[in-house]
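Each remark here refers to the structure printed beneath this line.
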Amino acid sequence: MFQIFLSGCLFFLLLSILAALYRVVKGPSMPDRVMALDNIGVNLLAGIAILSIFLRTYAFFDIILLIGILSFVGTIAFARFLERGVVIERNRIH
Numbered sequence: 003m004f005q006i007f008l009s010g011c012l013f014f015l016l017l018s019i020l021a022a023l024y025r026v027v028k029g030p031s032m033p034d035r036v037m038a039l040d041n042i043g044v045n046l047l048a049g050i051a052i053l054s055i056f057l058r059t060y061a062f063f064d065i066i067l068l069i070g071i072l073s074f075v076g077t078i079a080f081a082r083f084l085e086r087g088v089v090i091e092r093n094r095i096h
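Structure below.
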């Protein structure tokens, strides 16, 4: 019973990722695309966590942490790029 519930959760997460992927491709604006990419990252985290519970292993926890950090840094980089046009500002004094 519990495995059927976890399988259903994975299925709905897959549908959510597909909907967000559609928003990435057809998004009306760049901020919408960035939010969709962030949504995909969060859904991947949840999917891997559910898969970890389904397989009864702790092996995926490091992967979850890594994807979470990369998703956060990627979202911040995209937001800075949209706001300023550059990700890293270089103030060089000659």
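Following this note's numbering, the numbering of the sequence shown begins with 3 at its first residue and continues without gaps. Cβ coordinates follow ideal geometry from the N, Cα and C atoms, glycine included.
Asked                                                                           : Found
Euclidean distance between Cα positions of leucine 47 and glutamate 91          : 31 Å
Asparagine 93 in three-state terms, based on DSSP                               : coil
Nearest residue (CA-CA) to alanine 51, options Asn41, Val88, Ile66              : Ile66
Simplified DSSP assignment, three categories, for proline 33                    : helix
Among Leu15, Leu8, Leu39, Ser31, nearest to leucine 23 - alpha-carbon criterion : Leu39
Segment limits, alpha helix (DSSP H) that includes glycine 10                   : 4 to 28
Threonine 59 - DSSP class collapsed to helix/strand/coil                        : coil
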